[in-house]
Amino acid sequence: MLKPKVGFYAITGCQGCLLSVIFNEDEILDIADALDIVAFPFIKGENSEGPLDICFIEGTVVSRDDLEMIKKLRDRSDSVIALGACACHGNIPALRNFADERVLDYLKYEKNVQISDIDKPAPLAEFISVDYSVPGCPPDRNEIKKFIKEILLGKEFRNYPDPVCRECRLYENGCLLDHTKICLGPLTRGGCLAVCTTHGFECYGCRGLTDDYNFEEYFKLLAQKGIAPAVIKKRMETFIGLEVNKKLKGTQWEALH
Amino acid sequence: MGSITLNHITKVEGHARLDLEVVEGALKRCDLGSIEGSRYFEGLLKGRSYNEAQEISTRICGICSSAHNVAAIMAIEDALDIKPTEQTITLRQLQTIGERIRSHATHLYFLALPDYFGYESALAMSPHYKELIPRALRLIKLGNDMVVLITGRVIHPVAPTIGGFLHVPPKEDLEHIRTRLDKAHEDIMETNNMIASLEFPDFERDKQYLSIFKEDEFGTSQGTIKIGDHIFDQHEFHTFVQEYHEPFSTANFVVKEGRSYAVGALARINNSKHLLGPKTQEYMQGLAIQFPSNNPHHSIVAQALELMHYRETCLNLLDNFAVVQEEIAPVQLREGHGIAATEAPRGTLWHEYTVDKNGIITHANIVTPTAQFLRALNEDIAAYAQQLVDADTSQQEIIAAIEKLIRSYDPCFSCSSHFLTVNWH
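From first to last, the protein sequence lines stand for chains B and D. Using my numbering, the letters of the first sequence map in sequence onto residues 1229 to 1485. Using my numbering, the letters of the second sequence map in sequence onto residues 65 to 489.
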């Protein structure tokens, strides 16, 4: 079988997703052997500009350079994979959509320099078509491995369907909502082995909403616990602000402030 | 020779660009900057709750997420006058050391070594040096497993919190990691012997080195700041260290009293080599390369020596380390200002926050290692490029040599979130 030509790229981000690929320490050499990695600028000096069968992209589109790059990569690639929370949902760099621009002004040093910011930082799918998404901040190392394996077997990769609560219960954790922590587990797509809640830290929703989330019930539950609407809103905006604003249009969400 | 532009420098964290201009044998311009898009972390932290600083700011950087996590937590604790317990201090030390082990191993083998071995990547080297990459991966795994054990996750920690740890590692897991550290002796020795046998470019430039300093401990987060012969308190940061912007750039640069300085493994070894573990000191004394060194390429020797030292120090820290699930220190909200430094793999990292009486962050300032050494690195590139031009080096060789120099600093352009795109032409 001909090995698929694969590229691993990063636009603006923290490189944590690409590291999560490499940090499969026991399998990375086998992965590198099963694929024809023709581009990986983070760890390769020579990077092909030719066509790609599979192109992984981490990062949020925040600048015109990012935008230009993902369009070029899309044109060159058979499949584009959004790798990690930035590429899938926008993550923290997309918080700028909800921030008062004035609080950011002091960070712009306007000195004969062209700032190449785009107005609204957003995930890949806002600008190009995306074939698969591997979510999470960072994406789970095992899920990346599973994704590559299924692609090589010619299978269709499916995202984990159930909320974080499912895996959290399998670990027999107590519910953090009972401790008045704003845990977004009930709304959030699992597949992360509930790593945060298992360590006592509430879910921030970095893997995006499940297909069958129930925001109304969740909001009612938190309101009963006396958590202020503005606090819930801010928390939900942290990693997946663009997604919740889009999907919860016309619900109570819009009245929260 | 005219001008050289390297648009996307490979094998570094993040995105960077270099412009060099040589006119009639004289270097006219040398500008290395980040072309990472801006993410405005410090602005986005404003208005968030004090206990979200560590969750949000770790996302600045994947490879140094533990350093950001620890610096953010300690700066908020400083603002709220919370004193961590001895156990918490030890766990944080192990967390940041684990991160330095995995980061150094990644940098040495995957980013720096291919330059010295004449390959485009570690993957291309792998078939010709069968032992090399598996050894690198064993060391990376050791550091990663330490980070996972203490923080819950390999990147972007979850267990550490303000006032302690939400979850502490079981004693038997700590004992297991101690056994693995013990067994890593051979891999670390092989790494050091290999690095020491490399031929390093002949280039030196006198400069200042800054690192956290404590009389009796190497690579700590709990000390004062040492630069040259001057020692100052972390709270005096703004008295001695200035951030400024070049007229040609939005990138911020950092200097101490007008002069550039370097941070990172070389700075730590240059400043505190007498505090390295006894076995590491003994090994170091037998090397042809002597410290303090003003050759920036020796940073990778310093990283390898640190691997040896951190093994020694962790074996001591983990010897009968009885860890218990302690109460998280209670938080009393108050108006406050806090600052804290920690040693990220590539150098001293600063977080600074102001919080109001309701615990809302009103100001955030993050000064990364790369921002601090970028001025020194630019000066090194300029001096080295001139040296190479004077020696009639070909353009291709100059590019390779400069890239090697840049990588020796282990820069992290993702981290240096201040930088904006700079158009030079």
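We put the CB at the ideal spot given by N, CA and C, even for glycine.
is_contact[residue i, chain B] using C-beta, thresh 7 Å
| i | result |
| --- | --- |
| Cys94/D | no |
| Gly216/D | yes |
| Gly126/D | yes |
| Glu77/D | yes |
| Ile140/D | no |
| Gly66/D | no |
| Glu184/D | yes |
| Glu358/D | Inspection of the sequence shows that residue 358/D is occupied by Asn rather than by Glu. No, Asn358/D does not count as interfacial toward chain B. |
| Asn422/D | no |
| Phe174/D | yes |
| Lys235/D | no |
| Arg501/D | Here chain D covers residues 65 to 489 and nothing more, so residue 501/D does not appear. |
| Ile425/D | no |
Under 7 Å from the C-beta of residue i: neighbouring residues of chain D
| i | result |
| --- | --- |
| Asp1406/B | Chain D residues near Asp1406/B: none, gap ~15 Å exceeds 7 Å. |
| Thr1240/B | Glu100, Gly101, Arg103 |
| Leu1247/B | Gly126, Ile127, Ile219 |
| His1427/B | Gly216, Val222, Ala223, Leu230, His231 |
| Cys1424/B | Val222 |
Closer than 8 Å at the beta carbon, the chain B residues around residue i
| i | result |
| --- | --- |
| Ile197/D | Leu1257 |
| His220/D | Gly1244, Cys1365, Pro1366 |
| Pro178/D | Gly1273 |
| Ser130/D | Correct list: empty, because the minimum Cβ distance to chain B is about 12 Å. |
| His72/D | Pro1269 |
Coarse secondary structure for residue i, derived from DSSP in three states
| i | result |
| --- | --- |
| Val419/D | strand |
| His294/D | strand |
| Ala1422/B | coil |
| Val305/D | strand |
| Leu340/D | coil |
| Asn1340/B | Low confidence applies here, because Asn1340/B scores a pLDDT of 36, under 50, leaving its location unreliable; read the following figure in that light. In this structure, Asn1340/B counts as coil in the three-state DSSP scheme. |
| Thr314/D | Any reading at Thr314/D must be qualified, since the residue scores a pLDDT of 47, below 50, and its modelled position is unreliable; the value itself is stated next. If DSSP states are grouped into helix, strand and coil, Thr314/D belongs with coil. |
| Ala1458/B | helix |
| Asp1440/B | coil |
| Asp209/D | helix |
| Asp444/D | helix |
| His362/D | helix |
| Phe1375/B | helix |
| Ala1238/B | strand |
Nearest-angstrom Cβ-Cβ length linking residue i and residue j, presumed shorter than 8 Å
| i | j | result |
| --- | --- | --- |
| His299/D | Ser472/D | Actually they are not in contact, since the Cβ atoms of His299/D and Ser472/D sit about 32 Å apart, beyond 8 Å. |
| Glu1253/B | Ile197/D | With 8 Å as the limit, Glu1253/B and Ile197/D do not qualify as a contact, their Cβ atoms being about 10 Å apart. |
| Gln151/D | Glu390/D | 6 Å |
| Leu201/D | Ile1256/B | 7 Å |
| Ile463/D | Ile99/D | With 8 Å as the limit, Ile463/D and Ile99/D do not qualify as a contact, their Cβ atoms being about 17 Å apart. |
Strand pairing of residue i, partner residues [DSSP]
| i | result |
| --- | --- |
| Lys1233/B | Asp1264/B |
| Leu413/D | Thr406/D |
| Asp1345/B | Ser1291/B |
| Tyr1360/B | Ile1309/B |
| Arg323/D | Lys320/D |
| Ser185/D | Lys1272/B |
| Thr243/D | Thr243/D is not bridged to any residue. |
| Ser113/D | Ile424/D |
| Ser429/D | The displayed chain sequence assigns Asn, not Ser, to residue 429/D. BP columns for Asn429/D point to Glu416/D. |
| Tyr273/D | Ala326/D |
| Leu91/D | Val86/D |
| Arg1417/B | Pro1391/B |
| Pro224/D | Phe229/D |
| Gly400/D | Val419/D |
| Cys1314/B | BP columns for Cys1314/B are empty, so no partner. |
Proximity test, Cβ basis, 7 Å: residue i and chain D
| i | result |
| --- | --- |
| Val1290/B | yes |
| Ile1356/B | no |
| Glu1371/B | no |
| Cys1393/B | no |
| Ala1327/B | yes |
| Pro1321/B | yes |
| Cys1316/B | no |
| Asp1281/B | no |
Contact list for residue i against chain B, beta-carbon separation under 7 Å
| i | result |
| --- | --- |
| Asn257/D | Going along chain B, no residue has its Cβ under 7 Å from Asn257/D, so there is no contact; the nearest lies around 22 Å. |
| Lys205/D | Glu1253 |
Proximal chain B residues relative to residue i, where beta-carbon distance stays under 9 Å
| i | result |
| --- | --- |
| Asn208/D | Phe1251, Glu1253 |
Interface residues of chain D facing residue i [CB-CB closer than 9 Å]
| i | result |
| --- | --- |
| Cys1260/B | Per the sequence shown, residue 1260/B should be read as Ala rather than Cys. Correct list: Leu187, Ser190. |
Under 8 Å by beta carbon: chain D residues contacting residue i
| i | result |
| --- | --- |
| Ile1265/B | Leu187 |
| Tyr1388/B | Residues of chain D passing the Cβ test: none, with the nearest at roughly 17 Å. |
| Tyr1432/B | Glu119 |
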